[in-house]
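Residue numbers (our numbering), protein chains in the order written: chain A, 9 to 212; chain B, 9 to 212; chain C, 9 to 212; chain D, 9 to 212.
Beta carbons: idealized from backbone N, C-alpha and C, even for Gly.
Keep in mind the model is a prediction, meaning the values are calculated, not measured.
Take a look at the structure below.
There are 4 protein chains.
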Amino acid sequence: MLDAGVRAFARSGYQNASMDDIAELAGVSKPLVYLYLNSKDELFTACIRREAAALVTAIRAAVERDAPADRQLWSGLSGFFAHTAEHPDGWTLLHVQARTQGRSFAREVVAMRAEIVEFVTQLIGAAARERARGGARARTLAGTEVSGLALALVGAAESLADWTADGRAGGPSAKEAAATLMNFAWAGLGNLLQGQGWSPERVG
Amino acid sequence: MLDAGVRAFARSGYQNASMDDIAELAGVSKPLVYLYLNSKDELFTACIRREAAALVTAIRAAVERDAPADRQLWSGLSGFFAHTAEHPDGWTLLHVQARTQGRSFAREVVAMRAEIVEFVTQLIGAAARERARGGARARTLAGTEVSGLALALVGAAESLADWTADGRAGGPSAKEAAATLMNFAWAGLGNLLQGQGWSPERVG
Amino acid sequence: MLDAGVRAFARSGYQNASMDDIAELAGVSKPLVYLYLNSKDELFTACIRREAAALVTAIRAAVERDAPADRQLWSGLSGFFAHTAEHPDGWTLLHVQARTQGRSFAREVVAMRAEIVEFVTQLIGAAARERARGGARARTLAGTEVSGLALALVGAAESLADWTADGRAGGPSAKEAAATLMNFAWAGLGNLLQGQGWSPERVG
Amino acid sequence: MLDAGVRAFARSGYQNASMDDIAELAGVSKPLVYLYLNSKDELFTACIRREAAALVTAIRAAVERDAPADRQLWSGLSGFFAHTAEHPDGWTLLHVQARTQGRSFAREVVAMRAEIVEFVTQLIGAAARERARGGARARTLAGTEVSGLALALVGAAESLADWTADGRAGGPSAKEAAATLMNFAWAGLGNLLQGQGWSPERVG
DNA sequence: AATGAATGAGACTTCATTCAT
DNA sequence: CATGAATGAAGTCTCATTCAT
């Protein structure tokens, strides 16, 4: 029954999806929806929570826990893209719909996103340590810098996820998207750790 | 009068912002709003168009046209972050609110975004040519690959923009954000063009 | 099971008392309620009837049948006040709730009330006869006059019953209330029968 | 527009009168009702307040201020019966419908009733003083006793008002009803003040 | 030109009521 | 027999939208 909610909310938005529509889509009557989930608010919240949990679970399951940091990141990204591609409505619900409807809903998603950002942040830290252990000199990154990088990475992933989940055929596979993103991000991180970051003065 | 619309829509969302609110916020009467902008739909569209145009204009003005590709990208990003930080409501309208309402609204934003992605894509192409001209061997990137990179970059920028525009004091300045993103992205692009991209097999 | 109905209806009113509440209060399941009493209407009616019958029975039992008219009236009133004080929910049901819900319910109560008014009317008649038999000259009262007196007496009793049944400690006992009412009413009746009634012209 | 509310509420009760009905009865559309009176609750409250104020005003205007106490009471009662007879719906609203809905409604009516009871109480006190001034020995009545008498008198009046306001032709005129009630009540009060009240022991 | 006043359509929510077990 | 599960119908309230002034 939440399936119907997710689908309806993802496609029409919170307001435009009427409880009638959802009930009909679920093949039950409206009062039944109210019996199980007490209001539109709670229904929406339940949908968000379920999809957020499913996404986080999928990512967790995909991460190769004891691998090097980059491999962990890559596997996590692959899991992320695979999940969003398989559940485009869930992804739309989280990424697009939940953010527009007042703080109380957005909070749920923000919490989930923070969890992911935190995970990425720790991977970046782990990468720095690995590099140091390998004998390379590694600059210590400031907290803001790391947060920024993690946020940028997550944002890039979300952007690509919109693409892969778009349903239109042209998009890349989950592994391709993950590889593109690693290409995009990992080298820059390495350079940064070596103190060779890009700067406006040293252009070219 | 559009100002009121932008503000109300950005803060409350399309549905929750009532025409009464907007008229009051604008200091005029409701029928006047209807006289100039014929419906809530058109008002919203007009708001989106204005903000989209303003953002694109700001970016265009910021780009240092005849500089090397990376410098162009950096200046454009700086302009982008500066604008979104100065117009957080406009940014919220475009990035958060406009995407949820049925396609007719989303189209406007999608078009603007496509324009920006296209610009970034061409910069990446220009970078490849510069590198080739400089004598370095440069692998030719596939179209999908370039699109993916551009999309990732734009997504990352959007994610950082949410951060800088958040209003909370802690965020970085526009130039810092732009630099972070260049650090993040440009080295990876360079490696990629040299054929040294990251791949799952060659980890570490 | 009617107990639950009486309680719920008296406290929440007909509409606000839901069948769920009543079933739960009675400790049975809702369909069982429908098995015995076919609808909310019939349940309400049954409650009213039971309480009305109980009240009338209590009054009947209290009346000292062969005593003089005033003593009969007094004992009846005492029984009335005692019963309403002991069954405040029943009294509320009859006096407050049943009258607000459409004619069909009110009729039940009206019928009961008419019965009581009729009883009082006859007592007044009996008092007149007693007085005549005692040798006093007794004016014959018109029908309307008697009806009015009986109605006034019953109304006064109801008003006092609300007071004694109020649950708040300060109220008088049943016997006190009955005595107050007799004081209030009986002397006036006596004067009236002697043709010495109050009239606007003969003030003071 | 309140007229429609009063009528609908008086005839159908608070719950059974739908806002649609009221709007139609008032000859306007439903949203207009909500524009002026914000909710069904407030509409009901407004109706009650208006009718209560009208009733109190009518009684105040009818009382002959400087007359002896009995004359004052009689004129007030006449005004009361005249008003309720002329505004039967208002009377029903106050007396029947307003008492059932959760305390917030009832409070309004209780307050009005308390005001009237207080007025009657003072008249009884005034009568005692007049009698004393006239040289007659007058027993002092206890507070509870006076309250009970006043309450009984008001209850009797209400009961008669239901009769005169009933619409059915047979009822008495306002002045007749007032006279009946004075007959009923005043002599009893006089006896009581002389210490000759009725008591169960001194029957006959 | 500008507005106060008004409405049609539709959304969420609640119950009395009934089957299938 | 007794019930858990389900629904049809109805009610309150809101808001984009339009006349008459």
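To the nearest angstrom, report how far apart residue i and residue j are at their CA atoms.
| i | j | result |
| --- | --- | --- |
| A/Y22 | A/Q109 | 7 Å |
| A/D74 | A/I30 | 43 Å |
| D/P39 | A/Q80 | 60 Å |
| B/P208 | A/A77 | 12 Å |
| D/D174 | C/R121 | 15 Å |
| C/E94 | A/V36 | 49 Å |
| B/R139 | A/E153 | 28 Å |
| D/A69 | C/Q105 | 33 Å |
| A/W194 | A/V162 | 13 Å |
| B/S167 | A/I124 | 14 Å |
| C/A164 | D/A18 | 23 Å |
| D/G133 | C/V118 | 35 Å |
| A/G198 | A/L189 | 14 Å |
| D/A25 | D/Y42 | 15 Å |
| C/S112 | C/V14 | 17 Å |
| C/R107 | C/I56 | 11 Å |
| C/Q204 | D/V128 | 23 Å |
| A/A150 | A/Q130 | 13 Å |
| B/L200 | B/T65 | 31 Å |
| C/G196 | D/G196 | 5 Å |
| C/P96 | C/A16 | 12 Å |
| B/V211 | B/G143 | Residue placement at B/V211 is flagged as unreliable, the pLDDT there being 48, under the threshold of 50; the coordinate-derived value follows with that caveat. C-alpha separation (whole angstroms): 29 Å. |
| D/E50 | C/T100 | 25 Å |
| D/T92 | C/W82 | 31 Å |
| D/A34 | C/D11 | 41 Å |
| C/F192 | C/R58 | 31 Å |
| D/A61 | D/A135 | 27 Å |
| A/S181 | A/A90 | 8 Å |
Which residues of chain C have a Cβ atom closer than 7 Å to the Cβ of residue i, listed in chain order?
| i | result |
| --- | --- |
| D/R107 | V104 |
| D/L159 | S167, L168 and W171 |
Which bits of chain A does residue i rub up against, with CB to CB less than 7 Å?
| i | result |
| --- | --- |
| B/Q23 | Q23 |
Between residue i and chain A, is the shortest Cβ-Cβ distance under 8 Å, so that the two count as touching?
| i | result |
| --- | --- |
| B/G84 | no |
| B/T299 | Lying before the first or after the last residue shown, residue 299 of chain B is absent from chain B, which here runs from 9 to 212. |
| B/T188 | yes |
| B/G163 | yes |
| B/P39 | no |
Counting only beta-carbon atoms, is residue i nearer than 8 Å to chain D?
| i | result |
| --- | --- |
| C/G110 | yes |
Would you mind telling me which residues of chain B sit closer than 7 Å to residue i, beta carbon to beta carbon, in chain order?
| i | result |
| --- | --- |
| A/F192 | L157, A160, A193 and G196 |
Measure from the C-beta of residue i to each C-beta in chain B and report whether the shortest distance is under 8 Å.
| i | result |
| --- | --- |
| A/W185 | Looking at the sequence shown, residue 185 of chain A is not Trp but Ala. Yes, because at least one Cβ of chain B sits closer than 8 Å to the Cβ of A/A185. |
If the cut is a Cβ gap below 8 Å, which residues of chain A does residue i touch?
| i | result |
| --- | --- |
| B/N199 | N191 and A195 |
Along chain D, which residues have their Cβ under 7 Å away from the Cβ of residue i?
| i | result |
| --- | --- |
| C/G205 | N191 |
At a CB-CB cut-off below 8 Å, which residues of chain B make contact with residue i?
| i | result |
| --- | --- |
| A/P96 | The premise fails here: A/P96 is roughly 14 Å from chain B at the closest Cβ pair, so nothing lies under 8 Å. |
Determine, for residue i, whether the minimum Cβ-Cβ distance to residues of chain C falls below 8 Å.
| i | result |
| --- | --- |
| D/P208 | yes |
| D/V211 | Because the pLDDT at D/V211 is just 48, under 50, the model does not fix this residue reliably, and the value given afterwards should be weighed accordingly. Closer than 8 Å to some Cβ of chain C, the Cβ of D/V211 qualifies, so yes. |
Quiz item: What are the start and end residues of each continuous beta strand (DSSP E) run of 3 or more residues lying completely inside the region 126 to 173 of chain C, in chain order?
Solution: Segments of the beta strand (DSSP E) lying fully in the region 126 to 173 of chain C: there are none.
Practice problem: Would you mind listing the alpha helix (DSSP H) stretches within the region 179 to 206 of chain D that are 4+ residues and don't spill past its ends, in chain order? | Solution: For the region 179 to 206 of chain D, whole alpha helix (DSSP H) runs of length 4 or above, ordered along the chain, are 182 to 201.
Quiz item: Considering only residues of the region 63 to 104 of chain B, which uninterrupted alpha helix (DSSP H) runs meet the minimum length of 4 residues and lie entirely inside it, listed in chain order?
Solution: Counting only runs of 4+ residues, the alpha helix (DSSP H) found wholly inside the region 63 to 104 of chain B occupies 77 to 94 and 96 to 100, in chain order.
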